[in-house]
Every structure is written in C-alpha cells, then in structure tokens.
Amino acid sequence: MDNLFLPRESDSTETGPQIFTKNDGAESIYFISTTSSSSSSSSSSSSPEGPGLFNSVLLQNAGLNQLNGTYIYVTEFEGKPYYYKSENPSLFILWFENQWEIYDFDLDGLPIYIGNENVLYPWNVTLWQSPNPIYQPVPTVTKVL
50 MDNLFLPRES DSTETGPQIF TKNDGAESIY FISTTSSSSS SSSSSSSPEG PGLFNSVLLQ
110 NAGLNQLNGT YIYVTEFEGK PYYYKSENPS LFILWFENQW EIYDFDLDGL PIYIGNENVL
170 YPWNVTLWQS PNPIYQPVPT VTKVL
C-alpha cells in the first residue's frame with residue numbers, strides 16, 4: 050500500500066495506518082512512523098487548533114481501564130489527527146471510515162469505542178458508543194494542551 054498522506058516534516062517517513070488482511074479474512078491495521086534522529090522542531094504560525102500544534106488527548110472513565118490515559122498526536126490519517134498512547138502504541142485513536150475509533154489493537158483488532166460524528170477532533174464527539182456492552186461505560190475524551 051502506498052503512503053497514505055504527506056509527511057509532516059521533510060526528514061520524516063510516515064506510512065500511516067496500513068490495512069493487512071489475514072488468512073481468515075480479518076483485517077489488521079498497523080501504524081508505522083519514523084523520523085530522522087537529526088530532526089529539529091520548527092515553529093509554525095498556524096492556528097493553535099491546527100494539526101501538530103496540540104499535543105494530546107485525555108481519555109478517562111473508560112470501561113476498559115487500560116485505555117484510560119493520555120494519547121499523543123502522531124500524524125494525520127484520512128485528514129484528521131491520529132493519536133496513540135506512548136507507553137503502549139497498540140492503544141490509539143483515529144478517524145477511520147467516517148467515524149472516530151478508539152482501539153486496543155492487542156484485543157481483537159476491532160474498535161472498542163466509536164464516535165459517529167464528523168468532527169475534526171475526538172474531544173468534539175458528544176456521543177461515544179461501544180459495539181460490545183462489556184466495555185461500558187464509554188470514556189470521556191478531552192483535549193490536553
């Protein structure tokens with residue numbers, strides 16, 4: 050699969066979430082991102098709400114406890130921010146197929162929580178749902194500066 054978006058920095062290589070189909074037909078999503086070790090941060094005059102300038106999302110009160118915590122901005126996917134939990138990159142939040150999704154990819158590769166609202170950031174979702182009732186309650190998602 051080709052690169053799904055342009056790299057944010059000139060010396061970075063980002064392939065974005067990649068979909069791989071297993072022998073049993075199940076699909077898996079993987080994210081790969083690398084940045085040159087000589088990379089330096091640059092300042093930007095963009096709006097504070099622009100991708101790359103906010104740094105994290107806080108997820109609280111999730112029924113699946115390991116999902117609770119801070120998720121950091123990594124890149125964009127499908128035109129919206131992509132976040133992962135730094136201590137466990139298999140926990141992530143992304144916009145995929147017209148909905149926000151929160152994953153623990155180590156479980157079964159399916160979203161634990163979904164938000165069907167077409168909003169730019171996951172903290173703007175007003176109604177999170179869980180396809181599986183064992184993961185209730187749904188989390189509170191907020192922006193962290």
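Residues 50 to 194 (this note's numbering) are what the sequence shown spells out, left to right. All C-beta atoms in this analysis are idealised placements derived from N, C-alpha and C, irrespective of residue type, glycine included.
(message) Measuring straight from C-alpha to C-alpha, what distance separates K192 and S105?
(response) 6 Å
(message) So, with DSSP's three-state summary, where would you put L116?
(response) helix
(request) For L116, collect the residues of the same chain with a Cβ closer than 7 Å to its Cβ; drop the 5 residues on either side in sequence, then sort them by chain order. (result) L108, L140, I151, D153, I161 and P188
(message) I need the straight-line Cα distance from I163 to F145, nearest angstrom please.
(response) 10 Å
(message) Runs of 3 residues minimum, wholly inside the stretch 138-190: which ones carry the beta strand (DSSP E) assignment?
(response) 149-153 and 160-164
(request) Counting only the same chain and skipping the five closest in sequence on each side, list residues whose C-beta sits under 8 Å from that of Y184. (result) A111, G112, L113, I161 and Y162
(message) Could you compute how far the alpha carbon of N226 sits from the alpha carbon of N181?
(response) Residue 226 is absent from the model: the chain starts at 50 and stops at 194.
(message) Closest to Y120 by C-alpha separation, out of N147, K134, D157 and L194, would be which residue?
(response) K134
(request) Let me know if E136 comes out buried or exposed under the rule of 16 or more other beta-carbons within 10 Å of its beta-carbon. (result) exposed
(message) I'd like to check one pair, P171 with I195: are the Cβ atoms closer than 8 Å?
(response) Residue 195 is absent from the model: the chain starts at 50 and stops at 194.
(request) Report the rounded CA-to-CA distance for L169 versus Y132, giving the unit in angstroms. (result) 13 Å
(message) So the candidates are D157, K129 and S179; which of them puts its Cα closest to the Cα of N198?
(response) A question about residue 198 goes unanswered here, because the residues of the chain that appear run from 50 up to 194.
(request) Could you have a look at L107 and say whether DSSP puts it in helix, strand or coil? (result) strand
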